[in-house]
Amino acid sequence: PEDKSKGGNGIYIFKKFGSMGLITYLQTFSEGVPIIRHDGNVVLLGGGGNIIGILPGTEWNSSRDKPLVIGAHWDSVEETSGYDDNASGISGLIEIASVLTTASCYQNKYSVIFVAFDSEEGGCYGSYEFIRSYLKPFYLDAGIHLSGALILDTIGNFDDGVGTQNIPRNWETLAPEVVKKIIANGRRGDFISLEDRLGEAFNRHNARLDSTFPRLHHIQLDLSEKFPDLETLTNHSTFLMSDHSRFWYYRENGTELSLPGALLTDT
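Using full-length UniProt numbering, the letters of the sequence shown correspond one by one to residues 1 to 267.
This is the structure in structure tokens:
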């Protein structure tokens, strides 16, 4: 059954984080967020658990820390394999944690918080709860600034055949230069896209990689830190369908936050 399978996956991620020496937590939350489905019906979704693993930096547990969040959602859509959405992102998350915890050359001043988010498919409620009940009270409210959040979502599809890449809705308007590059490359699905407001550092690093590394298309969106109006959100909805959007635009009881974040995805 799906619940048993999901529970087994969660236990695996939790144990994997612990085996790498991360400070590991399970953040549970209950249902109660109204979600409007495509058929217009309103249902309450969101119950689940986020799995948190912390790699402390030398500034850990001080106001000088500037933690980086690296996250991927571990839930999937019912009746799908979940391979790309989002076992691929979880695999990337675990691999990054493995590299950073074993590399002798890595000396981290600032902490890294690895998070496997639950309930992304139910309106990104897991990342909302992570910010509301963990990041905000224990870090932001204590004056600790977030370096950023890097979200990995559906990064496993790669096809270098001609015509294998569809152009998502609104890309021609909002990311015309990227569309030109995709068309010039024969519409091949051989790239990862970075959707962001902090992507320049990733761009600089990607430029140093050799040509065998999958290409990266940087989509820098013209979105301000101010919470957008409904029309702007609708126009950019293609780029807001993962946990990074909760960091960009967090709102609760009149409080609004705009945190730096980026999404890596195979589109």
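Ideal Cβ positions, reconstructed from N, Cα and C, are used throughout, including at glycine.
From a predicted model like this one, the values you see are computed outputs, not experimental measurements.
| query | result |
| --- | --- |
| Is residue 155 closer than 8 Å to residue 90 when the C-beta atoms are compared? | no |
| Starting from residue 53, trace the beta strand (DSSP E) in both directions and tell me its first and last residue. | 48-55 |
| Consult DSSP for residue 87 and reduce its assignment to one of helix, strand or coil. | helix |
| Excluding the five sequence neighbours on either side, which residues of its own chain have a C-beta within less than 8 Å of the C-beta of residue 223, listed in chain order? | 197, 232, 236 and 248 |
| In angstroms, rounded to a whole number, what distance separates the CA positions of residue 242 and residue 21? | 28 Å |
| For residue 163 versus residue 187, is the C-beta distance shorter than 8 Å? | yes |
| Applying the criterion that 16 or more other CB atoms from any shown protein chain within 10 Å of the CB defines a buried residue, is residue 10 buried or exposed? | buried |
| Which value, in whole angstroms, describes the spacing of the CA atoms of residue 189 and residue 78? | 25 Å |
| Count the other CB atoms within 10 Å of the CB of residue 252; is the residue buried (16 or more) or exposed (fewer)? | exposed |
| Roughly how many angstroms lie between the CA atoms of residue 234 and residue 215, to the nearest whole one? | 28 Å |
| Go through its chain and collect everything with a Cβ distance to residue 199's Cβ below 7 Å, but skip five positions before and after it. | Annotation note: pLDDT 48 at residue 199 (below 50); position unreliable, no value reported. |
| Which of helix, strand or coil does DSSP assign to residue 199? | Low local confidence applies: a pLDDT of 48 at residue 199 is under 50, so the model's placement there is unreliable, and no value is given. |
| Quick one: is residue 230 buried, meaning 16 or more other Cβ sit within 10 Å of its Cβ, or exposed? | exposed |
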